[in-house]
Amino acid sequence: MVTLRHFFARAREGQLTGVRCEKCGELAIPPKALCPACGERAWQPVPLAGEGTIASFTVIRVAPRAWAAEAPYAVAVVKLKEGVSLLGRVVDIPLEKLAIGLPVRFRPLIRDEQTSVGFGPA
Amino acid sequence: MRRVAVIGVGVTKFGKHDRTSSELFAEAAADALADAGLPASAVQALYYGNVVGGETEHQLHTGPQAASILGIPGIPTTRFETACASSHAAFRHAVMEIAAGVSDVVLAGGAERVLNVPTAESTEYFAYASDAVWEQTLGLTFPGVFALIARAHMDKYGTTEEQMAAVAVKNHKHGTKNPKAQFQKEITVEQVLKSAYVADPLKLYDCCPFTDGGAAVVLASEEVARKHRKPVWVLASAAASDWMLMGDKRDLSRVPATERAAAAAYRQAGLSPQDVDVVELHDCFTIAEIIATEGLGLFEPGAGGLAAAKGWTSLGGKIPVNPSGGLKAKGHPIGATGAAQVAEIVTQLRGEAGPRQVEGARTGLAHTLGGNTATVLVSLFGRG
Ligand SMILES: [Zn+2]
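If you read the protein sequences in the order shown, they are chains A and B. Each residue of the first sequence is one higher than the last, beginning at 8 in my numbering. Each residue of the second sequence is one higher than the last, beginning at 5 in my numbering.
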């Protein structure tokens, strides 16, 4: 079983991790308790390549308090090449270059104790 | 199951108030009871919607608080929280309680107070309706969620920023006919297009405002409702959910929870989208109205933007949507919104909506969406 803590510990080292159902082969990220396809709980962690393309994106200009100093910043839903999708902050890509279909690569965003999902240039 | 009717509605003025959310609810509830012609002592249960009271008012346990201020402690009461759909969820459970024969008179509604805190603070609290670990940490906002959806809809169907602007213009025009609306001034497409981006491609005028307000409805069994001058019957009340995370939503251009809840509601009522005369739906952002008109079956997928731009959803159009001004102009006190939409549909079906009346409306639909599209409720109503 992959807990959130395990997921983010690996993500912090640069490794994106999904879970694959041993019963039916369903792939999921983030980890879930039960398989949405077959209902079993036979997950095994699988490393993901971290490569994908932007499925949709936005530039957030009015931010919550904690992020106000960083605005404007981009977030995107990224479709990973294994077929699952994940929301992440887009970094190191000029905002005007953002486009649906743009290839990106996973990178951890580390702020003190917190790790979150980021994507940078492919 | 027993038939259920709405026999009383009450809504406060929407906008900024120097009153607590429980005070706002009490005003709406007292009006709803007066409209129903019933004393508060007739209420057998209270289902109450409130979302960010813990944050903006340091107030939890709002169900008994609301019952207390109405002077009816002792009845069963529960606070519902399904983000912006909270009081519609409260309404649905009130319907089920009466349909099941547990109670004959139930009060449902909700209230919210947010304009007592700065925008950056309320923006943070509203973002609590997205996932704390996976999404809030990225700085995702509520407009950001719908910006991701808007971009996907534009990419798939060619929906334009001008079509989205048409929704805002239409709802502001409707709002001028509603004295309780937060905004009562017309705007132009150009004003919308020139307003500042909040989360691209959504601009300030694509977004509903932050609002304080309360709304309440009195529901009754058929036996009680028959004594009322103009009962409006609940033909269906359905709820559905969807994946919580944006990454798990398979097609960002659609809101599957709307499609599921609508299908269930039409089935319960034995009606189809063509039977609906008036709609109050969840236009938290202009794109949300476009996608809701598609998900409710009023227009084909991808045709919602064109429908708004052509005036098909305006008062006097093929199917008037949000005659109240919608969340966009009427305002969006999140805990009160669902009940306020129900109140508008009831008022329309009674034929008492004044300058914003949809002539001859016999069947109405209310649609309320929660936060990141993971909750939707759809209810259908009919007169006489
Ligand atoms: Zn499986």
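Note that CB positions come from ideal geometry on N, CA and C, so glycine has one too.
Residue i versus the options, residue with shortest Cα-Cα distance
i: B/Ala-104; options: B/His-157, B/Arg-7, B/Leu-249; result: B/Arg-7
i: B/Gly-14; options: B/Asp-281, B/Arg-233, B/Ala-344, B/Ser-72; result: B/Ala-344
i: B/Leu-74; options: B/Val-228, B/Val-99, B/Gln-140, B/Ala-33; result: B/Ala-33
i: B/Glu-293; options: B/Ala-115, B/Pro-277, B/Ala-38, B/His-371; result: B/His-371
i: B/Lys-198; options: B/Glu-165, B/Gly-309, B/Ala-244; result: B/Glu-165
i: B/Met-158; options: B/Thr-290, B/Thr-86, B/Ala-115; result: B/Thr-290
i: B/Phe-214; options: B/Met-100, B/Gly-339, B/Leu-275, B/Val-99; result: B/Gly-339
i: B/Val-380; options: B/Lys-231, B/Ala-172, B/Ala-89, B/Ile-76; result: B/Ala-89
i: B/Asp-108; options: B/Arg-366, B/Thr-60, B/Arg-230; result: B/Arg-230
i: A/Lys-86; options: A/Gly-59, A/Leu-102, A/Ala-73, A/Arg-72; result: A/Gly-59
i: B/Gly-386; options: B/Val-280, B/Trp-316, B/Ala-311, B/Thr-297; result: B/Val-280
i: B/Ala-273; options: B/Thr-16, B/Gly-143, B/Gly-368, B/Ala-44; result: B/Gly-368
i: A/Val-84; options: A/Val-124, A/Gly-90, A/Leu-94, A/Ala-76; result: A/Leu-94
i: B/Ala-156; options: B/Ile-295, B/Thr-86, B/Val-173, B/His-97; result: B/Ile-295
i: B/Ala-311; options: B/Gln-278, B/Ala-170, B/Arg-83; result: B/Ala-170
i: B/Lys-177; options: B/Phe-84, B/Ala-46, B/Ser-328, B/Leu-206; result: B/Ser-328
i: B/Gly-320; options: B/Phe-303, B/His-336, B/Arg-360; result: B/Arg-360
i: B/Gly-58; options: B/Leu-50, B/Glu-85, B/Pro-77, B/Glu-284; result: B/Glu-85
i: A/Lys-30; options: A/Gly-21, A/Cys-42, A/Lys-104, A/Leu-109; result: A/Cys-42
Residue i burial status per 10 Å Cβ neighbour count (16 or more: buried)
i: B/Cys-212; result: buried
i: B/Asp-210; result: buried
i: A/Gln-51; result: exposed
i: A/Arg-12; result: exposed
i: B/Met-250; result: buried
i: A/Gly-32; result: exposed
i: B/Leu-256; result: buried
i: B/Gly-358; result: exposed
i: B/Ala-261; result: buried
i: B/Arg-271; result: exposed
i: B/His-286; result: buried
i: B/His-65; result: exposed
Cutoff 7 Å; reference residue i; Cβ partners in own chain excluding five residues on either side
i: B/Ala-266; result: Gly-299, Leu-300, Gly-301, Val-382
i: B/Thr-145; result: Thr-127, Ala-131, Ala-203
i: A/Arg-19; result: Pro-115, Ile-117, Thr-122
i: A/Lys-88; result: Ala-56, Glu-58, Gly-59
Cβ neighbours of residue i in the same chain (closer than 6 Å, five flanking residues each side left out)
i: A/Ala-70; result: Ala-78
i: B/Gly-41; result: none
Own chain residues within Cβ distance below 8 Å of residue i, not counting five before or after
i: B/Gln-69; result: Ser-26, Gln-63
i: B/Ala-30; result: Ala-70, Ile-73, Leu-74, Gly-218
i: B/Gln-140; result: Ala-131, Tyr-132, Ser-134
Checklist entry - For the stretch 116-129 of chain B against the stretch 349-358 of chain B, are there 3 or more C-beta pairs whose distance is under 8 Å? => result no
Checklist entry - At a Cβ cut of 8 Å, what residues of the stretch 50-71 of chain A count as close to chain B, listed as they run along the chain? => result Ala-62, Ser-63, Phe-64, Thr-65, Val-66, Ile-67, Arg-68, Val-69, Ala-70, Pro-71
Checklist entry - Counting Cβ pairs closer than 8 Å, one from the stretch 180-188 of chain B and one from the stretch 233-242 of chain B, do we hit at least three? => result no
Checklist entry - Residues in the stretch 132-147 of chain B with C-beta within 8 Å of chain A's C-beta atoms, listed in sequence order? => result Val-137, Trp-138, Glu-139, Gln-140, Thr-141, Leu-142, Gly-143, Leu-144, Thr-145, Pro-147
Next on the checklist: Taking contact to mean 3 or more Cβ pairs, one atom from each stretch, closer than 8 Å, check whether the stretch 149-161 of chain B and the stretch 51-70 of chain A are in contact.
Outcome noted: yes
Next on the checklist: For the stretch 95-110 of chain A, list every residue whose C-beta sits within 8 Å of some C-beta in chain D, in sequence order.
Outcome noted: Protein chains A and B are contained in the structure displayed, whereas chain D is not.
Checklist entry - For the stretch 188-211 of chain B, which residues have a CB atom closer than 7 Å to at least one CB atom of chain A, in sequence order? => result Tyr-201, Val-202, Ala-203, Asp-204
Next on the checklist: Please identify, using Cβ separations under 9 Å, the residues of the stretch 20-32 of chain A that lie next to chain B, in order along the chain.
Outcome noted: none
Next on the checklist: Tell me which residues of the stretch 58-90 of chain B have at least one Cβ-Cβ distance to chain A shorter than 9 Å, keeping chain order.
Outcome noted: none
Checklist entry - Which residues count as close to ligand 3 when the rule is a CB under 6 Å from any of its heavy atoms, in chain order? => result Only ligand 1 can be found as ligands here, which leaves ligand 3 out of the picture.
Checklist entry - Taking Cβ-Cβ distances below 7 Å as the criterion, which residues of the stretch 357-384 of chain B are in contact with chain A? => result none
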